[in-house]
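Here is the structure we will look at.
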Amino acid sequence: PIYTWGDGGKGYRLINRVLAVQPFRQMFTDYCYQLIDTYYNLEGEFLARMEALNQQINELMLRDQWRTTDFGWTFSEFQQMQTKPVIRETNGIWPIVTGPEVSFMALQDFMDIRIASAMQQLDPPSTAGK
């Protein structure tokens with residue numbers, strides 16, 4: 598939950614006290630809306646930034662020999678992971694997975710779901726300055 602994200606961590610008491618004060622909680626809420634509307638807007642700069650970061654680490658991914666030892670990502674899967682999910686047969690190598698395959702969500706799909714979840718959790722934005 599957005600308003601209790603600090604619970605149990607370092608400084609959570611201060612975070613909870615600050616967010617208990619309505620003007621500060623409203624300011625935090627408005628900043629969350631601002632981030633979602635500007636930076637995390639999936640029609641805007643966020644996807645361009647994700648693509649730029651992918652391009653910056655492409656060469657490093659090619660040289661990384663360890664990437665195949667955890668989930669075994671191929672280079673083409675890495676390049677497509679922004680917009681396409683990766684579906685793998687488990688072949689019994691992941692005992693925690695009970696089905697015949699496991700699906701890794703595309704980053705864009707993950708962000709879409711995360712943004713929708715955040716919007717459901719947020720208080721309404723203020724009307725000041727609008």
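Residues 598 to 727 in my numbering are what the sequence shown lists, from first letter to last.
C-beta atoms are modelled at their ideal positions from N, C-alpha and C, and glycine is treated no differently.
Worksheet entry | Beta-carbon contacts of residue 630 that lie in its chain and below 8 Å, excluding the five residues immediately before and after | Here residue 630 refers to the residue found at position 33 of the sequence shown. Excluding positions up to five away in sequence, the list reads 719 and 722.
Worksheet item: Could one say the Cβ of residue 643 lies closer than 7 Å to chain C's Cβ atoms, at least one of them?
Response: No chain C is present in this structure, which holds just one protein chain.
Worksheet entry | Proximal residues to residue 679 (C-beta, below 8 Å), its chain only, five neighbours per side dropped | The residue labelled residue 679 in the question sits at position 82 within the sequence shown. Once the five neighbours on either side are set aside, the close Cβ partners of residue 679 are 644, 647, 648, 651, 703, 704 and 705.
Worksheet item: For the alpha helix (DSSP H) that residue 614 lies in, which residues bound it at each end?
Response: The residue labelled residue 614 in the question sits at position 17 within the sequence shown. Segment 609–616, the alpha helix (DSSP H) holding residue 614.
Discussion item. Can you give me the C-alpha to C-alpha distance between residue 634 and residue 610, rounded to a whole angstrom?
Written reply: Translated into positions along the sequence shown, residue 634 becomes position 37. Translated into positions along the sequence shown, residue 610 becomes position 13. The alpha-carbon atoms of residue 634 and residue 610 are separated by roughly 29 Å.
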